[in-house]
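K.L.:
One structure is given below, represented as structure tokens, and several questions about it will come after.
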Amino acid sequence: MLALDFDGVLAPHGENRPLPECEAWLARCVAALGAERVFILSNRPDPARAAYFNQEFPGVRFISGVRKKPYPDGLLRVAELSGAETARIVLLDDRLLTGVLATCLAGTGVVYITAPYVSFRTRPVVEGFFALIRMLERWYVALLNAAA
Ligand SMILES: [Mg+2]
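Counting in the working numbering, the sequence shown runs from 10 upward without gaps.
So, in structure tokens, the structure goes:
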């Protein structure tokens, strides 16, 4: 099962539809895996985003109504909906202390996206904030590793 974060992974922060290259990639994922094996797990489950996926990628399930990552609830919902063991789920996410931590708690696989999509031109303050957060959380995890 493929679970995808949205912000930074499919588009820069705050967009309601994936970038064109991500739409094309998602279409290839759906063709290869089947829509029923693809899930969107965003901490911003905006209705406009849900409407986009319903329209453009019917069958791809958009998770909402769960506690936000790093709670494992969204990944556990993917397991419940798909009938797959958590070890058979992989989440692509660009945040260590939300998405990646959620995968540790849920026992799923993870792909940590180290070069997320950003648009400083469109949303300089928000993107600057998240760039700082990503840097701080990498520093924090490196510190934890050094202490271990
Ligand atoms: Mg993200």
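Virtual Cβ for every residue (Gly too), placed ideally from N, Cα, C.
#1: Nearest by alpha-carbon distance to Arg-150: which of Ala-111, Leu-106 and Glu-136 is it?
#2: How many Å lie between Gly-116 and Glu-30 at the Cα?
#3: So, is Leu-84 buried or exposed, given that buried needs 16 or more other C-beta atoms within 10 angstroms?
#4: Going by DSSP in three states, Gly-23 sits in which element: helix, strand or coil?
#5: At a cut-off of 7 Å, is Val-127 close to ligand 1 when judged by its beta-carbon and the heavy atoms of the ligand?
#6: From the DSSP output, in three-state form, read off Arg-70 for me.
P.N.:
Taking the structure as given:
#1: Residue 150 sits at position 141 when you count from the first residue of the sequence shown. Arg is not the amino acid found at residue 150; the sequence shown has Val there. Residue Leu-106 is the option with its Cα nearest to Val-150.
#2: Position 107 of the sequence shown, counting from 1, holds the residue named residue 116. Position 21 of the sequence shown, counting from 1, holds the residue named residue 30. Roughly 30 Å separates the two Cα atoms.
#3: Within the sequence shown, the letter at position 75 stands for residue 84. Buried, by the Cβ-count rule.
#4: In the sequence shown, the residue the question calls residue 23 occupies position 14. Gly-23: coil per DSSP, three-state reduction.
#5: Against the sequence shown, residue 127 aligns to sequence position 118. Set against 7 Å, the gap from the CB of Val-127 to the closest heavy atom of ligand 1 is not smaller.
#6: If you number the sequence shown from 1, residue 70 lands on position 61. Strand, per DSSP.
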